[in-house]
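**Student:** Using the UniProt record's numbering, you'd call the opening residue of the sequence shown number 1 and step up by one each time.
Yeah, the Cβ is synthetic: ideal placement off N, Cα and C, and Gly gets one too.
If you scroll down you'll find the structure; I have some questions about it.
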Amino acid sequence: MKTSYLLFIILIPIISFSQFKIQGKIIDPENKENLEINLSIRGEIEKTIPVKINDASFFLEYTIDEPINSMLQIQNAGKSKSVKILVDRNSSYNVDLVLEDEQKYFDDKWFKIETKSSYYQVWRNFYDEQNELYLKKRNTLSLFEVGKISKKELDRQIDAIEFNITQAFKKLATEHPDNYATPYIITGAPDFGEHYFPYFKALSQNVRTSYWGRTLKSRLEDSKTNLSNNTANSSTILGSRFAVLKGNTLSGNYQEYSSANLNSKLTLIDFWASWCGPCRKENTALSVLNKNYAKSEFQIISFSLDTNQNKWEKASKIDNITWKNISDLKGVKSYIINDFQIKQLPRNILVNAEGKIIALDKTGTNLKDFVSEYLNSNP
1 MKTSYLLFII LIPIISFSQF KIQGKIIDPE NKENLEINLS IRGEIEKTIP
51 VKINDASFFL EYTIDEPINS MLQIQNAGKS KSVKILVDRN SSYNVDLVLE
101 DEQKYFDDKW FKIETKSSYY QVWRNFYDEQ NELYLKKRNT LSLFEVGKIS
151 KKELDRQIDA IEFNITQAFK KLATEHPDNY ATPYIITGAP DFGEHYFPYF
201 KALSQNVRTS YWGRTLKSRL EDSKTNLSNN TANSSTILGS RFAVLKGNTL
251 SGNYQEYSSA NLNSKLTLID FWASWCGPCR KENTALSVLN KNYAKSEFQI
301 ISFSLDTNQN KWEKASKIDN ITWKNISDLK GVKSYIINDF QIKQLPRNIL
351 VNAEGKIIAL DKTGTNLKDF VSEYLNSNP
């Protein structure tokens, strides 16, 4: 009897150690209407766990075997949104949510997450730094668009920024070999390819054998070409004529687009993939943009870099992609990598009625403002 009791005592810390806790509050509970919150765990086994809601507070405690990714999904008043949380064992997350009028809170974000989890923090800090680099890239492109820098200077600055972007992934592997977020982040490197094998081998044994460690190894083994080496040259395609875009729709119908048949004052060509988190987030914004300009001379054509029809189809449905949507299901081996100089995702180009590429990589508010200003100034 004593032995059983002692075993029970010993097991308690082991069980507790694998738990994580999410607790939060709703900043504007007066906007709550049929609110539902779930946590979707994405890994070897995918699960959706309901979150307990009590007035303006919510709570979840759950057991996991290893650090894993999750999405906190909020359904309210017929609207849905989600935020990624990398959950770790023996960790707590304090989450504040805004249901409406997010511009008033958290620097225009609708959520705030506080945690001491190094799994989450390494990921969050890495992408905060990446976002700064991409912002610098967009600002540089804007300077060229308004004639403030030459094409030669544009290419020089873009090359330097893209070098810093890709180097950050390699630096991450050497600085955080024991962090479970590292292999997950590396899978999204814009120059992902076989040359990342040494960085995978530099990871600790536990990290290499984790879900994301195994996923990284599998993708490296499948990768026979370096994405950056597929690019013919480092200069941008801004200002050039739109090349042919061809592929099949979800229903298998072949489509081909060129400057001769775009038939629109402004066309956004968006390159994405089901496995690209930032792309999926951008799809939500594109859905709103597409709806707002449904009766105008603006159109969207999406090209997926997926290799799996089912994953492409599922993501398209979830992201509400109702506009033109094609793929050749060849992933990084697709002709578009070369023709459209795809070095990272998300990636998009804007084409005018004459078939000239007039802007690159506009997202969020920058994209919305660009479309509005262009259509208004080109009646």
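According to DSSP, simplified to helix, strand and coil, what is PRO278?
**Tutor:** It is helical.
**Student:** Looking at the structure shown, is GLU44 part of a helix, part of a strand, or coil, going by DSSP?
**Tutor:** Correct three-state label for GLU44: coil.
**Student:** Output yes or no for whether 8 angstroms exceeds the beta carbon distance between LEU305 and GLY277.
**Tutor:** Contact: no.
**Student:** By how many angstroms is the C-alpha of GLU102 removed from the C-alpha of LYS137?
**Tutor:** LYS137 and GLU102: Cα-Cα distance of roughly 26 angstroms.
**Student:** Measuring CB to CB, does GLU33 end up less than 8 angstroms from ASN76?
**Tutor:** Cβ atoms of GLU33 and ASN76: closer than 8 angstroms.
**Student:** Report the partner residues of THR63 according to the DSSP bridge assignment.
**Tutor:** According to DSSP, THR63 bridges with GLN19.
**Student:** Check this for me: beta carbons of ASP145 and ALA359, under 8 angstroms apart or not?
**Tutor:** What sits at residue 145 in the sequence shown is Glu, not Asp. In this structure, ALA359 lies closer than 8 angstroms to GLU145 by Cβ.
**Student:** With respect to the beta strand (DSSP E) encompassing SER316, which residues constitute its N-terminal and C-terminal limits?
**Tutor:** From DSSP, SER316 is part of no beta strand (DSSP E) but of the alpha helix (DSSP H) over 309-318.
**Student:** What whole-angstrom Cβ distance do VAL95 and PHE111 have, given they're in contact under 8 angstroms?
**Tutor:** With a Cβ gap of about 7 angstroms, VAL95 and PHE111 count as contacting.
**Student:** Classify ALA173 as buried or exposed, calling it buried when 16 or more other Cβ atoms lie within 10 Å of its own Cβ.
**Tutor:** By the neighbour-count rule (16 or more Cβ atoms within 10 Å), ALA173 is buried.
**Student:** Would you mind listing the alpha helix (DSSP H) stretches within the UniProt domain "Thioredoxin" (236-379) that are 4+ residues and don't spill past its ends, in chain order?
**Tutor:** Listed in chain order, the complete alpha helix (DSSP H) runs (minimum 4 residues) inside the UniProt domain "Thioredoxin" (236-379) are 277-292, 309-318, 336-339 and 364-377.
**Student:** May I ask you to report which of helix, strand or coil DSSP gives LYS81?
**Tutor:** Three-state DSSP puts LYS81 in a strand.
**Student:** What is the C-beta distance between TYR254 and LEU245, in whole angstroms, given that I count them as a contact (C-beta under 8 angstroms)?
**Tutor:** Wrong, their Cβ atoms sit about 12 angstroms apart, outside the cutoff.
**Student:** In the DSSP assignment, find the unbroken alpha helix (DSSP H) run with LEU143 in it and report its ends.
**Tutor:** Segment 118-145, the alpha helix (DSSP H) holding LEU143.
**Student:** When you compare only the Cα positions, how much space is there between GLU373 and PRO177?
**Tutor:** Roughly 46 angstroms separates the two Cα atoms.
**Student:** Less than 6 angstroms between C-beta atoms, sequence neighbours within five positions excluded: which residues of the same chain meet that for TYR184?
**Tutor:** Excluding positions up to five away in sequence, the list reads TRP212.
**Student:** Less than 8 angstroms between the CB atoms is what I'm expecting for THR48 and SER18, so what's the real figure, rounded?
**Tutor:** Going by Cβ atoms, the distance from THR48 to SER18 rounds to 19 angstroms, so no, they are not a contact pair.
**Student:** In angstroms, rounded to a whole number, what distance separates the CA positions of ARG42 and LEU72?
**Tutor:** About 11 angstroms.
**Student:** Tell me whether the beta-carbon of LEU367 lies closer than 8 angstroms to the beta-carbon of LEU266.
**Tutor:** No, the pair does not count as a contact, with Cβ atoms beyond the cut-off.
**Student:** Could you check where the alpha helix (DSSP H) with PHE163 kicks off and where it finishes?
**Tutor:** Segment 151-175, the alpha helix (DSSP H) holding PHE163.
**Student:** Select from ARG280, LYS295 and ASP270 the residue whose C-alpha is nearest the C-alpha of ARG347.
**Tutor:** Taking only the C-alpha atoms, the option nearest ARG347 is ASP270.
**Student:** Would you mind working out which of LYS281, TRP272 and ILE74 sits nearest PHE303, comparing C-alpha positions?
**Tutor:** Selected option, being the one with the closest Cα: TRP272.
**Student:** So, GLU46 versus TYR180, is the Cβ gap smaller than 8 angstroms?
**Tutor:** It is not a contact, given that the beta carbons lie outside the stated cut-off.
**Student:** Taking Cβ to Cβ, would you say ARG219 is nearer than 8 angstroms to THR187?
**Tutor:** Yes, they are a contact pair.
**Student:** Between THR322 and the rest of its own chain, which residues show a CB-CB distance below 8 angstroms, the 5 nearest in sequence each way excluded?
**Tutor:** Around THR322: SER287 and ASN290.
**Student:** Just confirm the distance between the C-beta atoms of ILE37 and PHE58, as a whole number of angstroms; I'd bet it's less than 8 angstroms.
**Tutor:** Contact holds; Cβ gap of about 5 angstroms.
**Student:** Check THR215 in the structure and name its three-state DSSP category.
**Tutor:** THR215: helix per DSSP, three-state reduction.
**Student:** List the endpoints of the continuous beta strand (DSSP E) containing LYS115.
**Tutor:** Checking the sequence shown, residue 115 turns out to be Thr, not Lys. First-last of the beta strand (DSSP E) with THR115: 111-115.
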